[in-house]
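These notes concern the structure reproduced below.
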Ligand SMILES: [Zn+2]
């Protein structure tokens with residue numbers, strides 16, 4: 003990073019997500035941090051790269067709290083199926099053919115899609131995670147990475163060791179943009195002794211846990227039959243929640259489960275599209291929020307969504323909760339934006355650095371282009387961000403003070419090459 007690298011975003015409208023209303027002003031970024039919000043003088047901005055912010059909203063970059071980036075390769079490959087046949091007959095056999103190179107290109111495709119649709123941080127659970135780390139370094143994104151561990155493909159516990167090595171090699175790498183956690187895939191793929199091994203390894207690295215939890219009724223039944231517990235009780239009894247934990251889905255939580263998660267400050271990654279598409283169910287997000295749980299939004303992988311577009315995810319999240327409660331006042335636009343920004347940052351235990359626009363925080367922000375017919379006549383721009391915005395309205399994406407996309411041009415990745423390579427891989431594998 004150049005010494006005293008400055009960016010001056012002029013004449014934008016700023017949505018800090020700290021509770022302050024939208025206001026007109028400038029943003030000055032110095033190196034990796036936000037230096038000034040509001041009035042910036044010529045003197046302060048001396049030598050800065052200038053970005054024209056007219057007709058844009060500057061807001062915190064979106065935090066995708068749960069995905070499997072390389073699954074872009076399986077986009078539209080197996081749709082309209084039930085979860086278990088979908089996994090057993092289509093997804094897992096295809097993934098068994100994946101080699102490191104495939105994971106690299108699939109994740110690169112995901113990175114491009116995220117940069118173009120305003121995601122600046124993502125939490126990823128997959129295989130060959132050193133390739134995802136490489137993509138994170140090159141793309142400029144921020145990420146929480148973990149090696150998905152499933153007992154049947156890991157008889158010698160090598161995958162747990164791979165996660166330990168991932169931690170050694172990449173935790174805090176890329177100017178602090180990468181954090182490495184551990185990932186027991188799910189209660190139904192990780193028996194007790196295996197979960198305990200992962201918890202032990204995570205503890206020794208002082209890392210957190212990323213896990214799928216209580217995604218389906220089937221899982222609920224399986225864990226009840228096997229252990230006489232809910233999936234939440236199962237993980238709790240194995241000591242998982244003693245570590246910082248991100249629990250994806252959490253569709254089926256009873257009151258006792260909610261109390262357990264609250265007691266241990268477990269964060270929830272809510273994946274509305276995935277839960278709807280796979281007909282898993284509807285997580286009662288308003289109830290979780292009332293109980294004081296930290297909730298973020300995730301897209302899940304591209305084969306269960308089929309995009310990484312967090313703007314779409316925000317709209318769906320809001321609509322589903324409204325109809326589920328039969329109450330249109332549930333989760334208004336501002337709370338949805340909170341879930342997608344500072345809520346997600348809290349779930350990833352990264353809210354000291356990201357999730358809001360504040361002087362001193364990391365410069366992770368996006369400029370949304372308001373100069374589009376579907377925003378006119380600009381009656382309420384906060385509402386527009388949740389109910390009208392498309393991922394493709396993101397004009398500029400900045401992470402850690404580095405411009406990853408400027409005026410719709412991705413600067414860190416070769417978009418055309420990535421699309422050619424992923425098409426080649428999909429032809430080979432599928
Ligand atoms: Zn998932």
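In the working numbering, the protein residues as written are 3 to 432.
A virtual CB, placed ideally from N, CA and C, is assigned to each residue, including glycine.
Identify, in the order they occur along the chain, each residue of the same chain with its Cβ nearer than 6 Å to the Cβ of residue i, setting aside the five sequence neighbours on each side.
i, result
"residue 229", "236"
"residue 165", "149 and 184"
"residue 74", "108, 111, 112 and 304"
"residue 17", "24, 59 and 61"
"residue 238", "262"
"residue 32", "8"
Could you name the residues of the same chain whose beta carbon sits closer than 7 Å to that of residue i, not counting the 5 residues immediately before and after it, in chain order?
i, result
"residue 430", "none"
"residue 426", "none"
"residue 291", "297"
"residue 355", "363 and 364"
"residue 332", "288, 323 and 324"
"residue 137", "106, 109, 110 and 113"
"residue 432", "79 and 96"
"residue 361", "36, 37, 38 and 39"
"residue 310", "66, 69, 112, 115, 116, 119, 121, 301 and 304"
"residue 374", "395"
Return yes when at least one heavy atom of ligand 3 lies under 7 Å from the C-beta of residue i, else no.
i, result
"residue 303", "As presented, the structure is devoid of ligand 3, carrying ligand 1 as its sole ligands."
Can you name, in chain order, every residue of its own chain whose Cβ lies under 8 Å from the Cβ of residue i, other than the five neighbours on each side?
i, result
"residue 4", "Residue placement at residue 4 is flagged as unreliable, the pLDDT there being 47, under the threshold of 50; the coordinate-derived value follows with that caveat. Excluding residues within five positions, none has a Cβ falling inside 8 Å."
"residue 226", "232"
"residue 49", "6 and 8"
"residue 350", "65, 67, 123, 125, 146, 181, 248, 269 and 298"
"residue 174", "180 and 181"
With residue i and residue j assumed to form a contact (beta carbons below 8 Å), what rounded beta-carbon distance in angstroms separates them?
i, j, result
"residue 176", "residue 133", "Not confirmed; about 14 Å, so no contact."
"residue 36", "residue 391", "With 8 Å as the limit, residue 36 and residue 391 do not qualify as a contact, their Cβ atoms being about 22 Å apart."
"residue 297", "residue 270", "5 Å"
"residue 394", "residue 118", "7 Å"
"residue 200", "residue 186", "5 Å"
"residue 415", "residue 42", "The pair is not a contact, with the Cβ atoms about 30 Å apart (cut-off 8 Å)."
"residue 63", "residue 384", "Not really, about 17 Å apart at Cβ, beyond 8 Å."
"residue 182", "residue 168", "5 Å"
"residue 316", "residue 344", "The pair is not a contact, with the Cβ atoms about 14 Å apart (cut-off 8 Å)."
"residue 19", "residue 357", "7 Å"
"residue 2", "residue 335", "Look at the range of the chain in this structure, 3 to 432, and you will see that residue 2 is not part of it."
"residue 152", "residue 207", "No, residue 152 and residue 207 are not in contact; Cβ-Cβ is about 20 Å, not under 8 Å."
"residue 260", "residue 293", "5 Å"
With a threshold of 7 Å, establish whether the CB of residue i neighbours any heavy atom of ligand 1.
i, result
"residue 250", "yes"
"residue 214", "yes"
"residue 68", "yes"
Going by DSSP, what residues sit across from residue i in a beta bridge?
i, result
"residue 41", "Answer is none; residue 41 lacks a bridge partner."
"residue 238", "In the DSSP output, where bridge partners are listed per residue, residue 238 has none listed."
"residue 367", "62 and 400"
"residue 212", "248"
"residue 186", "151"
"residue 10", "30 and 52"
"residue 411", "408"
"residue 299", "272"
"residue 128", "149"
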